[in-house]
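J.:
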Amino acid sequence: MKGHLAGKVAVVTGSGRGIGRGLAIAMAKEGAKLVVNDLDKDPAEETAKLIKDAGAQAAVCVGGVDRRDGAQAIIDTAISNFGRIDILVNNAGIIRDAMMHKMTEEQFDSVVGVHLKGAWNCTQAAVKHMMEQKSGKIINIISLAGISGNVGQANYSAAKAGMIGLTKSNAKEFARYGINVNAIGPAAFTRMVESIPEQIREVMAKRIPLGRFGTPEDIAPAVIFLASEDSNYITGQVLHVDGGMSIAF
Numbered sequence: 004m005k006g007h008l009a010g011k012v013a014v015v016t017g018s019g020r021g022i023g024r025g026l027a028i029a030m031a032k033e034g035a036k037l038v039v040n041d042l043d044k045d046p047a048e049e050t051a052k053l054i055k056d057a058g059a060q061a062a063v064c065v066g067g068v069d070r071r072d073g074a075q076a077i078i079d080t081a082i083s084n085f086g087r088i089d090i091l092v093n094n095a096g097i098i099r100d101a102m103m104h105k106m107t108e109e110q111f112d113s114v115v116g117v118h119l120k121g122a123w124n125c126t127q128a129a130v131k132h133m134m135e136q137k138s139g140k141i142i143n144i145i146s147l148a149g150i151s152g153n154v155g156q157a158n159y160s161a162a163k164a165g166m167i168g169l170t171k172s173n174a175k176e177f178a179r180y181g182i183n184v185n186a187i188g189p190a191a192f193t194r195m196v197e198s199i200p201e202q203i204r205e206v207m208a209k210r211i212p213l214g215r216f217g218t219p220e221d222i223a224p225a226v227i228f229l230a231s232e233d234s235n236y237i238t239g240q241v242l243h244v245d246g247g248m249s250i251a252f
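Sequential numbering from 4 applies to the sequence shown in the numbering used here.
As structure tokens, this is what we get:
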């Protein structure tokens with residue numbers, strides 16, 4: 004397939020549904036070969052089917068990113084099926100909301116484990132191959148919560164803030180190898196946003212200058228840009244694709 008990502012091999016973690024699925028399908032339509040990852044087999048297989056129906060190639064790796072062996076298996080799937088890895092999108096995420104004084108250690112550890120340690124695990128597994136190739140694109144999906152914080156989300160906010168730091172540190176470390184590391188800050192209506200009470204969602208949407216939450220289709224062009232050769236001179240940046248939310252909250 005022709006496109007901005009023609010011939011590239013991309014891994015999108017947490018791509019069985021939501022933003023991850025939308026990104027994986029959009030990248031496939033731009034010519035990338037995809038490794039689809041999710042904790043659950045059925046949604047991962049469904050994403051892969053949608054990709055194949057669009058005329059692209061896809062492989063599936065079921066498992067969590069919070070474990071080193073799980074992350075390694077995802078990258079190994081790319082290498083064994085397609086021979087290389089060019090693009091890593093650290094998208095996998097969960098929420099376990101609670102007020103700070105009621106939050107359990109498990110709630111904190113699980114969220115930080117998936118978001119921050121998961122990104123660390125997958126990056127460490129992938130970057131060894133990218134360093135040998137002297138090229139690669141790593142895109143971390145962060146959140147405005149990592150910059151401004153959010154009530155009831157000390158764990159999530161801390162994890163996303165950590166991912167911003169990881170993005171900038173890794174950009175400095177890997178630049179010499181031709182590897183670009185950037186982050187996307189979306190404001191999209193996903194399963195995680197859906198868990199927020201409707202009346203609160205309505206208030207949040209009204210505070211977004213463009214008046215609505217985004218969709219995976221709104222986010223995908225920015226990810227495709229950062230994954231493509233068009234962004235070769237961009238690294239260590241956070242690109243907010245949020246309808247102006249980051250200037251309003």
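Just so you know, even glycine gets a beta-carbon here, dropped at the ideal spot from N, CA and C.
Please report the residue range of the alpha helix (DSSP H) in which residue 219 lies.
T.: Locating residue 219 in the sequence shown gives position 216, where the first residue counts as 1. 219-230 is the span of the alpha helix (DSSP H), which, as asked, contains residue 219.
J.: Is the number of C-beta pairs between the region 49-57 and the region 93-106 that are closer than 8 Å three or more?
T.: no
J.: Residue 42 by DSSP, collapsed to three states: which one?
T.: The residue labelled residue 42 in the question sits at position 39 within the sequence shown. Residue state, collapsed to three classes: coil.
J.: Which of the three DSSP states is assigned to residue 61 in this structure?
T.: What you label residue 61 is simply residue 58 of the sequence shown in a count that begins at 1. Three-state result, residue 61: strand.
J.: Where do the ends of the alpha helix (DSSP H) carrying residue 78 lie?
T.: To locate residue 78, count along the sequence shown from 1; it is residue 75. Element bounds for residue 78: 71-85.
J.: Just to confirm, are residue 223 and residue 216 a CB contact at a threshold of 9 Å?
T.: In the sequence shown, the residue the question calls residue 223 occupies position 220. In the sequence shown, the residue the question calls residue 216 occupies position 213. No, these two residues do not count as a Cβ contact at 9 Å.
J.: Tell me the DSSP secondary structure of residue 94 in three-state form.
T.: Reading the sequence shown from its first residue, position 91 is the one you call residue 94. Note: residue 94 maps to coil in three-state DSSP.
J.: DSSP three-state label for residue 199, please.
T.: As a working mapping, residue 199 is identified with position 196 in the sequence shown. Residue state, collapsed to three classes: coil.
J.: Suppose contacts are defined by Cβ-Cβ distances below 9 Å. Is residue 93 in contact with residue 22 by that definition?
T.: Looking up residue 93 in the sequence shown gives position 90. Looking up residue 22 in the sequence shown gives position 19. Cβ distance not < 9 Å, so residue 93 and residue 22 don't count as in contact.
J.: Looking only at DSSP bridge pairs, what is residue 212 linked to?
T.: Here residue 212 refers to the residue found at position 209 when the sequence shown is read from its first residue. In the DSSP output, where bridge partners are listed per residue, residue 212 has none listed.
J.: Using a Cβ-Cβ cutoff of less than 6 Å, which residues in the same chain neighbour residue 81 once the five nearest sequence positions on both sides are dropped?
T.: For the purposes of this step, residue 81 is taken as the residue at position 78 of the sequence shown. Residues 12, 14, 38 and 88 of the same chain have their beta carbon placed closer than 6 Å to that of residue 81, with the five preceding and five following residues left out of the count.
J.: Is it true that the CB of residue 157 sits closer than 9 Å to the CB of residue 246?
T.: Counting from one through the sequence shown, the residue named residue 246 turns up at place 243. Counting from one through the sequence shown, the residue named residue 157 turns up at place 154. No, the Cβ-Cβ distance between residue 246 and residue 157 is not below 9 Å.
J.: Quick one, which of 51, 234 and 160 has its alpha-carbon nearest residue 115's?
T.: Looking up residue 115 in the sequence shown gives position 112. For residue 115, the closest alpha carbon among the candidates 51, 234 and 160 is that of 160.
J.: Suppose you measure from the CA of residue 164 to the CA of residue 83; what does that come to, to the nearest Å?
T.: Indexing the sequence shown from 1 puts residue 164 at position 161. Indexing the sequence shown from 1 puts residue 83 at position 80. About 33 Å.
J.: If we call anything under 9 Å between Cβ atoms a contact, is residue 144 one with residue 187?
T.: Here residue 144 refers to the residue found at position 141 when the sequence shown is read from its first residue. Here residue 187 refers to the residue found at position 184 when the sequence shown is read from its first residue. Yes, the Cβ-Cβ distance between residue 144 and residue 187 is below 9 Å.
J.: To which residues does DSSP link residue 242 through a beta bridge?
T.: Indexing the sequence shown from 1 puts residue 242 at position 239. In the DSSP output, where bridge partners are listed per residue, residue 242 has 187.
J.: Give the DSSP bridge partners of residue 129, in chain order.
T.: Stepping through the sequence shown from its first residue, residue 129 is reached at position 126. In the DSSP output, where bridge partners are listed per residue, residue 129 has none listed.
J.: I'd like to check one pair, residue 211 with residue 166: are the Cβ atoms closer than 9 Å?
T.: Walking along the sequence shown from the start, residue 166 turns up at place 163. Walking along the sequence shown from the start, residue 211 turns up at place 208. No, these two residues do not count as a Cβ contact at 9 Å.
J.: Can you give the Cα-Cα distance for residue 178 and residue 127, rounded to whole angstroms?
T.: For this step, residue 178 is matched to residue 175 along the sequence shown. For this step, residue 127 is matched to residue 124 along the sequence shown. Distance between the alpha carbons of residue 178 and residue 127 is about 15 Å.
J.: Starting from residue 37, follow its DSSP beta bridges and name the residues at the other end.
T.: Indexing the sequence shown from 1 puts residue 37 at position 34. Paired residue(s): 13 and 61.
J.: Nearest-angstrom Cα distance between residue 24 and residue 110?
T.: Taking the first residue of the sequence shown as position 1, residue 24 is located at position 21. Taking the first residue of the sequence shown as position 1, residue 110 is located at position 107. Answer to the nearest angstrom: the Cα atoms are 25 Å apart.
J.: In its own chain, which residues sit with a C-beta less than 8 Å from the C-beta of residue 65, not counting the 5 before and 5 after it?
T.: Position 62 of the sequence shown, counted from the start, is the residue given in the question as residue 65. Hits under 8 Å: 40, 41, 42, 43, 44 and 47.
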